[in-house]
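Worksheet: one structure, shown below.
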Amino acid sequence: MAVAIAVTRERREGETRCAITPETVKKLAALGATVTVEAGTGAGSSIPDAEYEAAGAVIARDAKSALAGADILLKVRGPTAQEISALKSGAVVAAMLDAYREKDTVEALAKSGTTAFAMEFVPRITRAQVMDVLSSQANLAGYRAVIEAAYAFGRGFPMMMTAAGTVAPAKVFVMGAGVAGLQAVATARRLGAVVTATDVRPASKEQVESLGAKFVAVEDEEFKAAETAAGYAKPMSAEYQAKQAELTASHIVKQDIVITTALIPGRPAPRLVTAAHVASMKPGSVLVDLAIDNGGNVEGAKPGEVVTTANGVQIVGWSNLPGRIAADASALYARNLTAFVGLMVKDGVLAVDLEDEILKASVVTNGGAVVHEGVKG
3 MAVAIAVTRE RREGETRCAI TPETVKKLAA LGATVTVEAG TGAGSSIPDA
53 EYEAAGAVIA RDAKSALAGA DILLKVRGPT AQEISALKSG AVVAAMLDAY
103 REKDTVEALA KSGTTAFAME FVPRITRAQV MDVLSSQANL AGYRAVIEAA
153 YAFGRGFPMM MTAAGTVAPA KVFVMGAGVA GLQAVATARR LGAVVTATDV
203 RPASKEQVES LGAKFVAVED EEFKAAETAA GYAKPMSAEY QAKQAELTAS
253 HIVKQDIVIT TALIPGRPAP RLVTAAHVAS MKPGSVLVDL AIDNGGNVEG
303 AKPGEVVTTA NGVQIVGWSN LPGRIAADAS ALYARNLTAF VGLMVKDGVL
353 AVDLEDEILK ASVVTNGGAV VHEGVKG
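As structure tokens, this is what we get:
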């Protein structure tokens, strides 16, 4: 009997993305699976039910019907309690579980006997690049951050020479040069801004400069060793943070737009921009905080809001920036998921090998227990 894959509508507030597209329905069917999609799943990404049906999916009237007998549930965000209760024991769940913070969801998945995978834990190794949801979504977030900044900014981005005089280019400072930051750098450059960027990882300097931006950082011995084997930034010493903060303060005051992207896995986002930094900026300046869902990099940022300060600076704190480009975000995420499912489904048979390095790194619950070491505590 073919593996039964279910995809249900996202029920978290503000989540416009979906975990499947008509393109990936066909790819999953090619693995030997049947696909059931709850009605309305693609609405936020402008995908009508008829397109899923034309691709070979069965449309279920509600989540309970979609999940009946499902071997695998695919989601963007973690499933709700009602969805978990509708799953059979031993079913597989793959989603961005936000496992460090969504403890109740993780515990419910464990108690239900499901094998749940957190897509944010997929290791950043060559073999898993096509499954790397953090990178695919961060790329879009970095792009969208610049678009949001341009919308909020009351002036143009590029230098423009006219008969009435010259319009100076915008000065954009990107803090954090990971996937999102580099895409923000590239997008701001394409729009004609003068761009600078900073990061504590030494490898990022060359990447920033290759995009035509200037790198700004305190480049001492600690900076040279500030990257983990997995490519993430290490927490820096108080002494380094003080030196970097001094450099940052003198740089921010000259900027029109600041975009912050810094995250540390499993921990709250680091505070990069203080109220004093914000107060030093010119009226009309804009900050966009991409880390707002993890506590934020900017003091005064509020999730889901644009805050205007007393000195006329706007702090943009939109949650889920990839969801503001839902069609593309869903297309990339669905491809990530489909490649991940391909590790477990062969010729229509579900075979979960938890010794596979990708599955082993990303499994959170199995056999009635929380099994991921980083999530257990």
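Quick note, the numbering used here runs 2 ahead of the 1-based positions in the sequence shown. Just so it is clear, CB atoms sit at the ideal spot from N, CA and C, and this is done for glycine as well.
Item: Taking only runs of the alpha helix (DSSP H) that begin and end inside the region 231–317, which ones reach a length of at least 4 residues, in chain order?; Value: 240–254, 277–282
Item: Looking at C-alpha atoms only, which residue of T36, I61, V366, A32 is the closest neighbour of G44?; Value: I61
Item: Just mark I7 as buried or exposed, buried being the case when its beta carbon has 16 or more other beta carbons within 10 Å.; Value: buried
Item: Have a look at L33 and G302 and give me their C-alpha separation to the nearest angstrom.; Value: 48 angstroms
Item: With C-beta atoms as the reference, is E221 less than 7 angstroms away from Y242?; Value: no
Item: Does the Cβ-Cβ distance between V174 and L76 come in under 7 angstroms?; Value: no
Item: What is the DSSP secondary structure of M392, reduced to helix, strand or coil?; Value: Residue 392 is absent from the model: the chain starts at 3 and stops at 379.
Item: According to DSSP, simplified to helix, strand and coil, what is F217?; Value: strand
Item: Let me check one thing: in DSSP terms, what residues is G167 bridge-paired to?; Value: T164
Item: Identify the continuous alpha helix (DSSP H) that holds E224 and give its terminal residues.; Value: 223–226
Item: Is it true that the CB of V5 sits closer than 7 angstroms to the CB of G350?; Value: yes
Item: What does the Cβ neighbour count give for D355, buried or exposed, with the cut at 16 atoms within 10 Å?; Value: exposed
Item: Pairs of beta-carbons, one from the region 307–320 and one from the region 280–292, closer than 8 angstroms: are there three or more?; Value: yes
Item: So what's V132 in DSSP terms, helix, strand or just coil?; Value: helix
Item: Does the beta-carbon distance from A182 to T263 come in below 7 angstroms?; Value: yes
Item: Does DSSP put V373 in a helix, in a strand, or in coil?; Value: coil
Item: Please state whether the Cβ-Cβ distance between V135 and Y335 is less than 7 angstroms.; Value: yes
Item: For G46, which residues in the same chain have their Cβ closer than 6 angstroms to its Cβ, ignoring the five residues on either side in sequence?; Value: T18, A328
Item: Would you mind sorting I127 into buried or exposed? The rule is 16 or more other CB atoms within 10 Å of its CB.; Value: exposed
Item: Considering only C-alpha positions, which residue in the set A152, E211, A331 is nearest to I317?; Value: A152
Item: N368 by DSSP, collapsed to three states: which one?; Value: strand
Item: Pop quiz: A65 and D51 are said to be a contact at Cβ under 8 angstroms. What is the actual Cβ separation, rounded to whole angstroms?; Value: Not confirmed; about 14 angstroms, so no contact.
Item: Measure the CB-CB distance between V124 and S332 and report whether it falls below 7 angstroms.; Value: no
Item: Run the CB neighbour count on Q139, radius 10 Å, all protein chains shown included, and call it buried at 16 or more, exposed below.; Value: buried
Item: To which residues of the same chain is A57 closer than 6 angstroms at the C-beta, ignoring the five residues directly before and after it?; Value: P24, V27, K28
Item: Helix, strand or coil, according to DSSP, for K90 in the structure here?; Value: coil
Item: Could you pull the start and end residues of the alpha helix (DSSP H) that R79 belongs to?; Value: Unbroken run through R79 is the beta strand (DSSP E), 74–79; no alpha helix (DSSP H).
Item: If we ignore side chains and look at the alpha-carbon of each, how far apart do A188 and G214 end up?; Value: 8 angstroms
Item: Would you identify the three-state DSSP class for L334, choosing helix, strand or coil?; Value: helix
Item: Run the CB neighbour count on S206, radius 10 Å, all protein chains shown included, and call it buried at 16 or more, exposed below.; Value: buried
Item: Per DSSP, what kind of secondary structure is V354 in: helix, strand or coil?; Value: coil
Item: Thinking C-alpha only, which one of A59, A101, K90 is nearest P267?; Value: A101
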